[in-house]
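Report on the structure given below.
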Amino acid sequence: MEKPEYYCDVAIVGGGPAGSTVATLLKKYRPKLRVAVFEKEQFPRDHVGESQLPYISVILDEMGVWDQVEAAGFPIKVGATYRWGKSPKLWDFEFLNHGQFEPVPRPSKFEGQRQHTAFQVDRGIYDKILLDHAASVGAEVYQQHAVKSIDTDGDTITSITVQGDQVNGKVEAKYYVDCSGYAGIMRKRMGIESLVPTTLQNIAIWDYWRGASWAVNIGIEGTRVQVMSVGYGWLWFIPLGNDRTSVGLVVPANYYRDRGLRPNDLYMEALANDPVVSKLTEGATREDQLQSTKDWSFLADRLAGDNWFLCGESAGFADPILAAGMTLAHKGARDVAYTILEFFRGEHDEDWLRERYTEGNRRAIMQHIRFADFWYSQNGQFSDLKDYAKEIAGDAGLDMNSDDAWRWLGTGGFVDQDSSITDFAGFSVVATKSLTANFLEDEVHYELFGKTHFRLNLGGAVQGFGSNLFQGRINKHPCYIRDEKYLPMLGVCGWVAHLLGNQERTAREIVGAADAFRLAPERTQLEQAMFPKLLIQTLEAMIADGWIVAKVVPGHDGWPKFDIDESRFMHENKDVAKLVGE
Ligand SMILES: Cc1cc2nc3c(=O)[nH]c(=O)nc-3n(C[C@H](O)[C@H](O)[C@H](O)COP(=O)(O)OP(=O)(O)OC[C@H]3O[C@@H](n4cnc5c(N)ncnc54)[C@H](O)[C@@H]3O)c2cc1C
228 MEKPEYYCDV AIVGGGPAGS TVATLLKKYR PKLRVAVFEK EQFPRDHVGE
278 SQLPYISVIL DEMGVWDQVE AAGFPIKVGA TYRWGKSPKL WDFEFLNHGQ
328 FEPVPRPSKF EGQRQHTAFQ VDRGIYDKIL LDHAASVGAE VYQQHAVKSI
378 DTDGDTITSI TVQGDQVNGK VEAKYYVDCS GYAGIMRKRM GIESLVPTTL
428 QNIAIWDYWR GASWAVNIGI EGTRVQVMSV GYGWLWFIPL GNDRTSVGLV
478 VPANYYRDRG LRPNDLYMEA LANDPVVSKL TEGATREDQL QSTKDWSFLA
528 DRLAGDNWFL CGESAGFADP ILAAGMTLAH KGARDVAYTI LEFFRGEHDE
578 DWLRERYTEG NRRAIMQHIR FADFWYSQNG QFSDLKDYAK EIAGDAGLDM
628 NSDDAWRWLG TGGFVDQDSS ITDFAGFSVV ATKSLTANFL EDEVHYELFG
678 KTHFRLNLGG AVQGFGSNLF QGRINKHPCY IRDEKYLPML GVCGWVAHLL
728 GNQERTAREI VGAADAFRLA PERTQLEQAM FPKLLIQTLE AMIADGWIVA
778 KVVPGHDGWP KFDIDESRFM HENKDVAKLV GE
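Printed below as a string of structure tokens:
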């Protein structure tokens, strides 16, 4: 047998956000591992995908790199302004209550309000910070080293061939991770099929601008990204610093083909047609490096094999309307690192580890694809794309009011097996309900309101394990599973399931038990404040997922009407609208 040129414990292909995250977390929790990253480019290199979500900051903090990213001075994303939905009026989505962002000098710490904000990153700078950080914690990082081929034996990767100055030849590792992004080099080599579960087949055209204005300045260096529908697609406007702004257009591939315009002409036409983006780019200049790409949503059939993992964009891609690609990449990468750490520890069944990684991450990507379908199909501003929106809605079976939409979105379940947190594509239950109702110009409706009796429904469920990831370990907890939906016996879900047991409980009994739990002396002030909100969202999600059957028995008190102030994170826009005289 040919002697390998190089040996390591974990070989990672690609040094984007996914690759750096896997490498850093492996080194953090098991410093003795030999971890190598092979990246074909020399960083900094430009990359599209700049608008982050707050959850990334939690992972950056765990990686020990949040302070460096903060020190780079990227604009702080406190939310987004949209022209999207039935009405042409602008509206805001806020990460902080009512968008209240205090003017705290920078660089700041990852605490308080900054735990709820995100960054708008210039990927050339951001990806380099992360990759350099991976090297600084001991990963062996090789830039301008491309992986050229992969040798396999059945479902096992036996080696990869790397071409570069320092490593040139066969590399053997115990585990291999495909973080090669769109290239998906291992996915293709391992013959993993990709599902395209959506009609959304778009292309994106973008350029970078110098001297564009920010739509809003909030606190110190806080702003909102702009997402503006035009008749045939939508524009993103993402400031990346004081002087550089990413401005892109997304249109259906068919529309682009049928219009027959050159990409530059279509791009400039869309900018000219949108009052917000045209105003903000007045007097600004383009870098004149127009780029374009297909942004076809897809989902790989399997994300893990005998000794390999697909991670980040090589595992799947959801349309950028939700600005979630990097969040999925960082989150999936953290999961791969934790999974490999458990493989080395040998305490969990390996098949279970592979399955939980595949299922959890496929589910997350699928939720985003589904939510993107919903966004597109319900956008009345696509005046030239009515048939396209109808086709997406038809293919997805989306002809509905907001209650139906809620049920449709929840096909794969709202309760997350890993954390028992109830959300959908990163949006809380309240936010998802508000968004769907807003798009459909419908009232927000909670199943919970007015119900008097609640019963746990475990019929047809099997017992299994859920997991949660904490400080480098995957901890197992008991869980019920039915129709790909999970009921983890953990957190608020576990509390509710234990309380109900096999007894029907009244609303009054649950409220009483919740008060006793919340007000126990050992609870912190934060827990006391958060528990009622979490309980409502958990009950609503458990009803939607079929774990609770709720009914009304006349003569009993129904679940008390609760006021949820939806305007704290979603409301009509005032500032940008004023800027453009709307
Ligand atoms: C039009 C568009 C807009 C987007 N907007 C957003 C957004 O606003 N917010 C957001 O969060 N996400 C967005 N995304 C998604 C985001 O860009 C990706 O999710 C993210 O870059 C994925 O990170 P990754 O590490 O998996 O892959 P990448 O960042 O693509 O990194 C992969 C790396 O692998 C390297 N590589 C490839 N092949 C090889 C090889 N053979 N050998 C060695 N190295 C190799 C590449 O050079 C690259 O550096 C957008 C995507 C598109 C297409």
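Heads up: the sequence shown runs through residues 228 to 809, numbered per the working numbering. Cβ atoms here follow ideal geometry from the backbone N, Cα and C, with glycine treated the same way.
query: C-beta contact flag for D611 and Y482 at 9 Å; result: yes
query: Test item: CB-CB of F270 and G300 under 9 Å; result: no
query: For L675, the nearest candidate out of G691, F789, A362 and E749 (CA to CA); result: F789
query: Proximal residues to M769 (C-beta, below 6 Å), its chain only, five neighbours per side dropped; result: I775
query: Segment contact flag, the segment 450 to 458 with the segment 420 to 428, C-beta cutoff 8 Å, min 3 pairs; result: no
query: Any non-hydrogen atom of ligand 1 within 8 Å of Q279 CB; result: yes
query: Proximity to L462 [Cα-Cα], best of E618, W311, D288 and K805; result: W311
query: Bridge partner(s) assigned by DSSP for M797; result: F320
query: Unbroken alpha helix (DSSP H) run spanning M325, endpoints; result: According to the sequence shown, residue 325 is His rather than Met. Here H325 belongs to no alpha helix (DSSP H), and DSSP marks it neither H nor E.
query: beta-carbon W433 near ligand 1 non-hydrogen atom, thresh 8 Å; result: yes
query: 7 Å CB neighbourhood of F796 in its chain, flanking five on each side removed; result: F320, E321 and A658
query: With 16 other Cβ atoms within 10 Å as the buried cut-off, status of F697; result: exposed
query: Candidates E277, K255, H557 and F601, of which the one nearest A550 by Cα; result: E277
query: For M455: DSSP bridge partner residues; result: R310 and L462
query: Runs of alpha helix (DSSP H) wholly within the segment 503 to 581 (minimum 4 residues, chain order); result: 552 to 572
query: Three-pair Cβ contact test at 8 Å for the segment 564 to 579 versus the segment 279 to 286; result: no
query: Through-space distance from F681 to L727, alpha-carbon basis; result: 8 Å
query: Per DSSP, cross-strand counterpart(s) of S473; result: Y435 and I465
query: Cα-Cα separation, I377 to H798; result: 51 Å
query: Contact check, A263 vs E420, beta carbons under 9 Å; result: no
query: Any non-hydrogen atom of ligand 2 closer than 8 Å to R750 Cβ; result: Judged by which ligands are present, ligand 2 is missing from the structure shown, whose ligands are ligand 1.
query: Burial state of N588 (16 or more Cβ within 10 Å); result: buried
query: Cβ-heavy atom distance, H274 to ligand 1, below 8 Å; result: yes
query: Residue from L517, T251 and V443 with nearest C-alpha to V474; result: L517
query: Complete runs of the alpha helix (DSSP H) confined to the segment 399 to 424 [at least 4 residues]; result: 412 to 416
query: Residue interval of the alpha helix (DSSP H) (run including I286); result: Y282 to M290
query: C-beta contact flag for L683 and A724 at 9 Å; result: yes
query: Three-state secondary structure (DSSP) of I596; result: helix
query: Reduced DSSP category for S610 - H, G, I as helix; E, B as strand; rest coil; result: helix
query: Contact test: P547 Cβ vs ligand 1 heavy atom, cutoff 8 Å; result: yes
query: Distance between Q453 and Y309 (C-alpha atoms, nearest Å); result: 6 Å
query: Pair within 9 Å by beta-carbon distance, D354 and P502; result: no
query: Whether K313 touches F666 by CB criterion (9 Å); result: yes
query: Cβ neighbours of I432 in the same chain (closer than 6 Å, five flanking residues each side left out); result: L476, P490, Y494 and S519
query: Beta-carbon spacing of N395, V389 below 9 Å; result: yes
query: For G396, three-class secondary structure by DSSP; result: strand
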